[in-house]
Amino acid sequence: MSEEQLTGEGTAAPTHETAAPEGQLGPQADVPAGLDGASTETPPVEVVVVTGLSGAGKNSAGRVLEDLGWYVVDNLPPALLTPMVELGARGDVRRFAAVVDVRSRAFSSDLQEAIRVLAEAGHKPRVVFVHARDEVLVRRYESNRREHPLQGSGRILDGITAERALLTGIAGEADLWVDTSDLNVHQLRATLENAFAREGRTPPLTATVLSFGFKYGLPLDADLVVDARFLPNPHWLPELRPHTGQDPDVRDYVLGQEAAGPFLDRYTEVLRLLIPGYRREGKRYLTLAVGCTGGKHRSVAIAEEFTRRLAAEGIDTVARHRDLGRE
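Using our numbering, the first residue of the sequence shown is number 1227, and each one after it goes up by one.
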């Protein structure tokens, strides 16, 4: 899939700065009735900052949030983040999202400071960090014959490396990591809808249980990684090999192993111990990655079972199978 198919970053995306819908703020709009220039009190606003690597899909993420009812501004300089949020808060904006990237140049420390100021003002800022593997980003840029914004006279990979270094600080503070390396536009939408389509309500914790194959690499957005390769591999049984961990015969075989039940029980207890701590620390998103050799049998069955158990604990949980169908 090309970069523009996933990210739309090859052209200037329409923003509310240039065409604000009726009743929302825009450069030509009158000052809202609720805006009192003498007042410094503003109601809290939910704020999402979408940032990450160029070509990874930030603009696509912004469009999904816009479809979910967020007021979205693209390519917003960090210095304008706080003024924009406060202006919106004095009007009728309660859910504000900004796409911020290296096009803003001096952005890393400025963005971290802006987020700190927003939090101290009583707003609710969250950071979504969108990224992808180097080879995927290179392929997307090459397919569109575009230069990376930090490439200069070097290679595309040089620009990606420079950008990763620039983003180190904000990446470490992100609330949600979204790896688009193996996502199509529909899967990206589903990921963000699961996190943000709450009709204004923010759940204490949302969990994604992700199955994967070790031979395809570790998922970079995992908070916890579980190795299911200690279980017998259904791949070596001819009658099970064509099936997946979503099929009843493979699921029953995997979960019926002597070690499967105690493993699931004990790790569920570990999760019960961790989850209250995550909630106390304000963590809103948890990705539990379950791996086996190819991501087809054991990891899928175990991931589905963890999804069922977490849902039974009252946690909003979705299962995603990264490498299913790759063999």
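Every residue, glycine too, gets a C-beta built ideally from N, C-alpha and C.
Residue interval of the beta strand (DSSP E) (run including residue i)
i	result
Lys1350	Lys1350 to His1357
Thr1494	First-last for Thr1494: Ala1486 to Arg1506, but that is the alpha helix (DSSP H), not the beta strand (DSSP E).
Val1404	Leu1402 to Asp1405
Ala1545	Asp1542 to His1547
Val1192	Past the edges of the chain, shown from 1227 to 1553, lies residue 1192, and the structure says nothing about it.
Gly1439	Thr1432 to Gly1439
Leu1512	Tyr1511 to Cys1518
Leu1322	The sequence shown places Phe at residue 1322, rather than the Leu named in the question. Run containing Phe1322: Arg1321 to Val1325, per the beta strand (DSSP E) assignment.
Val1299	Tyr1297 to Asp1300
Val1451	Leu1450 to Asp1453
8 Å contact criterion, which residue i and residue j should meet: CB distance rounded
i	j	result
Val1273	Arg1352	7 Å
Trp1403	Asp1447	4 Å
His1357	Leu1409	No, His1357 and Leu1409 are not in contact; Cβ-Cβ is about 11 Å, not under 8 Å.
Gly1512	Leu1431	Reading the sequence as shown, one finds Leu at residue 1512 and not Gly. Leu1512 to Leu1431, Cβ: 6 Å. Contact.
Leu1291	Ala1323	5 Å
Lys1522	Leu1497	About 24 Å separates the two Cβ atoms, so there is no contact after all.
Gly1283	Leu1414	6 Å
Cut-off 6 Å between Cβ atoms - residues of its own chain near residue i, not counting five sequence neighbours on either side
i	result
Leu1536	Ala1433 and Thr1543
Leu1450	Leu1514
Ser1407	Ala1358, Arg1359 and Val1362
Backbone CA spacing between residue i and residue j [nearest angstrom]
i	j	result
Gly1487	Phe1456	13 Å
Val1354	Ile1396	10 Å
Ala1391	Gly1385	10 Å
Val1257	Asp1327	With a pLDDT of 38 at Val1257, under the threshold of 50, the modelled position of that residue is not reliable, and no figure is offered here.
Asp1401	Glu1465	43 Å
Ala1421	Tyr1493	24 Å
Asp1478	Glu1484	12 Å
Pro1190	Val1480	No answer is possible for residue 1190: it lies beyond the span of the chain, which begins at 1227 and ends at 1553.
Arg1548	Ala1416	13 Å
Val1276	Arg1320	17 Å
Gly1540	Ile1501	11 Å
Lys1350	Arg1506	16 Å
Arg1366	Lys1509	32 Å
Asn1370	Tyr1504	41 Å
Continuous alpha helix (DSSP H) stretch holding residue i: start and end
i	result
Val1362	Asp1360 to Asn1370
Tyr1479	Pro1474 to Leu1481
Gly1314	Leu1307 to Arg1316
Asp1384	Ile1382 to Leu1392
Leu1418	Val1411 to Phe1422
Nearest residue (CA-CA) to residue i, options the options
i	options	result
Gly1398	Gln1338, Phe1440 and Arg1534	Gln1338
Asp1318	Trp1296, Ala1287, Arg1467 and Thr1494	Trp1296
Ala1527	Arg1498, Leu1294 and His1469	His1469
Glu1530	Pro1474, Glu1553 and Val1411	Pro1474
Leu1383	Ser1369, Asp1360, Leu1294 and Val1516	Asp1360
Asp1300	Thr1308, Met1310 and Gly1288	Gly1288
Arg1534	Leu1500, Gln1472 and Leu1499	Gln1472
His1374	Gly1281, Ala1538 and Glu1539	Gly1281
Arg1467	Asp1491, Gly1517, Phe1532 and Arg1524	Arg1524
Phe1438	Glu1553, Lys1350, Ala1538 and Gly1517	Gly1517
Neighbour flag for residue i against chain B, beta carbons, 8 Å
i	result
Asp1449	Absent from the structure is chain B; it holds one protein chain and no more.
7 Å Cβ shell around residue i - same chain, five flanking residues per side excluded
i	result
Asp1187	Outside the modelled stretch of the chain, which goes from 1227 to 1553, sits residue 1187, for which no answer is possible.
Lys1441	Thr1519 and Gly1520
Arg1546	Thr1434 and Leu1436
Gly1348	Pro1270
Gly1314	Leu1251, Val1271, Tyr1297 and Phe1322
Leu1376	Val1328, Gly1385, Ala1388 and Glu1389
Glu1553	Gly1520 and Lys1522
Val1476	Pro1460, Leu1466, His1469, Thr1470, His1523 and Ala1527
Beta-carbon proximity list for residue i, same chain, < 8 Å, skipping 5 on both sides
i	result
Leu1463	Tyr1479
Thr1308	Ala1340, Val1343, Leu1344 and Ala1347
Gly1378	Asp1384 and Gly1385
Glu1419	Val1290 and Leu1294
Residue i CB to nearest heavy atom of the ligand NAD below 7 Å
i	result
Val1544	By its list of ligands, the structure shown contains no ligand whatsoever, and the ligand NAD lies outside what it can speak to.
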